[in-house]
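Here my numbering runs 4 ahead of the position in the sequence shown, where the first position is 1.
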Amino acid sequence: MSRIGLTPPDWLVRNLRSQPSPVNRPAVARAAIAMALPLAIGLAVGRPAYGALASMGALSGVIGDTADAYRMRILNIAIPQLFGAVGVTLGALVYGQGWLAVWVVTGIALVSGMISTIGAVASVSGLLLLLNSVVGAGLPMPGQWWLAPLLMTGGGLLVLLLALLAWPLRSGVPERAAVAGTYRAVADLMAACGRAEYDEARHAVTQSLNQSYDLVLARRARHHGRSPELTRLLAQLNAITPVVEAAPAAHLSGRPLAPEIPAAVRHLAQAVETGYTGPTGLSLPVPVTETARAVDHALRHAAEVVAVPDVDPRGIDDRLGRPAALGVRAARAARNVALSAASWRYGLRLALCIGLAQALVSIVPVPRSYWVALTITFVLKPDFGSVFSRALLRALGTVAGLVVAAAVLSQVPRGWWDVPVMLLLAPLIPALTPRGYGYQTAAITPVILLLSDILNHQGTALLMPRLLDSLMGCAIALVAGYLLWPESWHTRVGDRLADAVADTAAYVESAFLDGTEPSARARMRRRLYRDLSLIRTEFQRALTEPPPTGRRAAAWWPLVVAVERIVDATTAARVRVGHGAQPPSAAEVSQVTLQLSELAQGLREAETLYEVRTDLTGPVGSVLEPVRQEVAAARAITSPR
Numbered sequence: 005m006s007r008i009g010l011t012p013p014d015w016l017v018r019n020l021r022s023q024p025s026p027v028n029r030p031a032v033a034r035a036a037i038a039m040a041l042p043l044a045i046g047l048a049v050g051r052p053a054y055g056a057l058a059s060m061g062a063l064s065g066v067i068g069d070t071a072d073a074y075r076m077r078i079l080n081i082a083i084p085q086l087f088g089a090v091g092v093t094l095g096a097l098v099y100g101q102g103w104l105a106v107w108v109v110t111g112i113a114l115v116s117g118m119i120s121t122i123g124a125v126a127s128v129s130g131l132l133l134l135l136n137s138v139v140g141a142g143l144p145m146p147g148q149w150w151l152a153p154l155l156m157t158g159g160g161l162l163v164l165l166l167a168l169l170a171w172p173l174r175s176g177v178p179e180r181a182a183v184a185g186t187y188r189a190v191a192d193l194m195a196a197c198g199r200a201e202y203d204e205a206r207h208a209v210t211q212s213l214n215q216s217y218d219l220v221l222a223r224r225a226r227h228h229g230r231s232p233e234l235t236r237l238l239a240q241l242n243a244i245t246p247v248v249e250a251a252p253a254a255h256l257s258g259r260p261l262a263p264e265i266p267a268a269v270r271h272l273a274q275a276v277e278t279g280y281t282g283p284t285g286l287s288l289p290v291p292v293t294e295t296a297r298a299v300d301h302a303l304r305h306a307a308e309v310v311a312v313p314d315v316d317p318r319g320i321d322d323r324l325g326r327p328a329a330l331g332v333r334a335a336r337a338a339r340n341v342a343l344s345a346a347s348w349r350y351g352l353r354l355a356l357c358i359g360l361a362q363a364l365v366s367i368v369p370v371p372r373s374y375w376v377a378l379t380i381t382f383v384l385k386p387d388f389g390s391v392f393s394r395a396l397l398r399a400l401g402t403v404a405g406l407v408v409a410a411a412v413l414s415q416v417p418r419g420w421w422d423v424p425v426m427l428l429l430a431p432l433i434p435a436l437t438p439r440g441y442g443y444q445t446a447a448i449t450p451v452i453l454l455l456s457d458i459l460n461h462q463g464t465a466l467l468m469p470r471l472l473d474s475l476m477g478c479a480i481a482l483v484a485g486y487l488l489w490p491e492s493w494h495t496r497v498g499d500r501l502a503d504a505v506a507d508t509a510a511y512v513e514s515a516f517l518d519g520t521e522p523s524a525r526a527r528m529r530r531r532l533y534r535d536l537s538l539i540r541t542e543f544q545r546a547l548t549e550p551p552p553t554g555r556r557a558a559a560w561w562p563l564v565v566a567v568e569r570i571v572d573a574t575t576a577a578r579v580r581v582g583h584g585a586q587p588p589s590a591a592e593v594s595q596v597t598l599q600l601s602e603l604a605q606g607l608r609e610a611e612t613l614y615e616v617r618t619d620l621t622g623p624v625g626s627v628l629e630p631v632r633q634e635v636a637a638a639r640a641i642t643s644p645r
């Protein structure tokens, strides 16, 4: 008997798979307090609607409460709250104004979409600007025009206040923990050298380095090197980089490293996390090969940096480039938004979908009509993953959330019982959000319906209109925001991968030919690994798309891995040359860079895999031999099967 019809497709399985993630207990506690306390205060003073509005604002703060560093929490929560206040004010001003409300909300959608392309904080700010304007235009706000934005902003800032309570006692702890985590990831990488687990460990190191540099440099942008603690952390991050560079050479040797080496890195990680600056007392085996000497030298250098209590900021190199002043970055972001075709394209897509939704609910009487636009806003986010996947998960999550909401609205009496219910429901949002968008939707839906019931007293009559509106919003997002835009259902990663291959060619050249400074080469390598990490993430998103997009992404996926291995092999060759190996000739280097440049050009021109030549030869025993093998493998991958 055939069982094909009973087997779900791979893209659907990937969408429904839960992402394992530890529960952030402090965030769970903050969510419970920040969302239940306003309700209790509102009930105590006889203004439950005011408490519900403040809890809605706290909900947006809970969603944005994702940063580890305290200064980053201020940016992630406070700035979006200001945009949210503007949004609810504009929306409330056009409430009940018919087509004027349609045009105003559509214009806000255009602005929201464009600023969402700037970065993470701007994305959340644009989201809240549009969400709150939709709520303001769709719900009657109690009190004076200024009261709703004040209450909602106050609820969001309550989350921020709770998040900052431990700052005086734990200042710098998240940054130290992140850097120590990077050291531990490197220890796992060294333990995986010569083993099958190496690729996965290398990817984990790249992600950890990205996170740590972002965390430390984001704070250092304000201090400009004046903070000794941040300067020391940045020096420690830079010091572990040579160890990471030596790992590919150790892996290519095919022999596992001595267990003392990963143990030494874990010992350094403990010193970083505790702030210890005394003698590290490393016990390392005597190096006898070029690779062993590279590992030994890198580890001893890292141990020296970890043990130094004071670091001169003038001698520290920012491996991602020193961040520009805030005003310069703001002006640059504004210019990019105004002139970028990508920002206009996304803004127009979002405005089209929101305009259609607002026009539809103005013509056809739809209960709770503002939910249609809210659904589109959540589904059609450029940095939140595949639109198709989010529409699917939104529908499934809504159904699951409605089951919980039905039990709450039908069985729990309105009034003081709402407070303990909120204490139980609110913590589910930060607990389930890391597991996937469908889980987040299932957690948020009953919370929003409970708050809406406090404002409108419709009880279980909210349930079916909520489902209908969500399905309508998903349908509009899929048609007007996805299917009508060919760039949505192509993988759109060919150009990104081609750019990475071209950058790899430049990296090979800089490693052996043009005398690039080591610090500049290190920055180039960090940017390249970061870009490859982003490409990997984009491919993994594409794999959740239905055919043909997911099938195309799966066909190109081995090439992503191959390019990562080329970078690793180049780094290993550079490390070997730096520790005594014979450098390659200019002809060898030029041959490799030419092949990579041809591969990059082919990727830009090809829609499908095509046949290429792989005639790479060179001197036997050259340090570039592993690089040539990886380049040949990458070019062979692009040949049709």
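Glycine included, each C-beta is placed from N, C-alpha and C at the ideal position.
Under DSSP, the alpha helix (DSSP H) around residue i begins and ends at which residues?
i, result
"L427", "D422 to L429"
"W348", "A345 to I367"
"W107", "W103 to I119"
"N242", "P232 to L256"
"P630", "E629 to I641"
"L193", "V177 to A196"
"Y54", "P52 to G68"
"N460", "Y441 to N460"
"E668", "Within the shown structure, residues of the chain are numbered from 5 to 645, placing residue 668 beyond reach of any answer."
"M156", "L151 to L168"
"P30", "R29 to A48"
"A3", "Residue numbering for the chain in the displayed model covers 5 to 645; residue 3 lies beyond these limits and cannot be assessed."
"Q23", "Unbroken run through Q23: none, as it is neither H nor E."
"R418", "Where R418 is concerned, there is no enclosing alpha helix (DSSP H), given that its DSSP letter is neither H nor E."
If we ignore side chains and look at the alpha-carbon of each, how far apart do residue i and residue j end up?
i, j, result
"M476", "V376", "6 angstroms"
"L454", "V98", "25 angstroms"
"D322", "I37", "Interpretation of D322 is limited by its pLDDT of 49, a score under 50 that renders its predicted location unreliable; no figure is taken from the coordinates."
"A307", "V269", "9 angstroms"
"A638", "A573", "13 angstroms"
"I433", "E549", "26 angstroms"
"R259", "P291", "14 angstroms"
"A126", "G88", "12 angstroms"
"V276", "P178", "12 angstroms"
"V567", "N340", "29 angstroms"
"I358", "D473", "13 angstroms"
"R180", "Q605", "42 angstroms"
"L428", "R51", "22 angstroms"
"P84", "V128", "6 angstroms"
"R535", "V49", "Checking the sequence shown, residue 535 turns out to be Asp, not Arg. Near 53 angstroms, if we compare the C-alpha coordinates of V49 and D535."
"P144", "A96", "7 angstroms"
"V451", "M426", "7 angstroms"
"A646", "P246", "Nothing in the structure corresponds to residue 646, since the chain is present only between 5 and 645."
"A636", "W348", "40 angstroms"
"G149", "L63", "A small fix is needed here, since residue 149 is Trp in this sequence, not Gly. Rounded to whole angstroms, W149 to L63 spans 21 angstroms at the Cα level."
"T157", "R530", "39 angstroms"
"Y217", "G419", "48 angstroms"
"P369", "L238", "58 angstroms"
"Q23", "R439", "4 angstroms"
"Q633", "T575", "14 angstroms"
"V92", "D192", "48 angstroms"
"A302", "M76", "32 angstroms"
"A152", "S116", "20 angstroms"
"L161", "A40", "14 angstroms"
"R297", "E513", "24 angstroms"
"R500", "I539", "7 angstroms"
Quick one: measure Cβ to Cβ for residue i and residue j, integer angstroms, because I've assumed they're closer than 8 angstroms.
i, j, result
"L164", "I81", "4 angstroms"
"I244", "Y280", "Going by Cβ atoms, the distance from I244 to Y280 rounds to 16 angstroms, so no, they are not a contact pair."
"G142", "Y486", "The pair is not a contact, with the Cβ atoms about 24 angstroms apart (cut-off 8 angstroms)."
"T379", "L413", "Actually they are not in contact, since the Cβ atoms of T379 and L413 sit about 20 angstroms apart, beyond 8 angstroms."
"D203", "V565", "7 angstroms"
Can we say the segment 582-601 touches the segment 621-635, given the rule of at least three CB pairs closer than 8 angstroms?
-> yes
How do the segment 447-461 and the segment 48-58 stand: do at least 3 beta-carbon pairs fall below 8 angstroms, yes or no?
-> With a cut-off of 8 angstroms, the segment 48-58 and the segment 447-461 count as touching, because enough Cβ pairs lie within range.
Assess, as a yes-or-no matter, whether the segment 248-256 is touched by the segment 161-176 under the definition of 3 or more beta carbon pairs within less than 8 angstroms.
-> no
Is it true that the segment 100-107 meets the segment 158-171, where meeting means three or more beta-carbon pairs spaced less than 8 angstroms apart?
-> Flag = no, the segment 100-107 and the segment 158-171 do not touch.
Contact the segment 460-480 vs the segment 425-442: 3+ CB pairs below 8 angstroms | no
Okay, do the segment 65-77 and the segment 29-44 touch, 3+ Cβ pairs below 8 angstroms being the bar?
-> yes
Specify whether the segment 440-447 and the segment 400-411 touch according to this definition: at least 3 beta carbon pairs, one from each stretch, less than 8 angstroms apart.
-> yes
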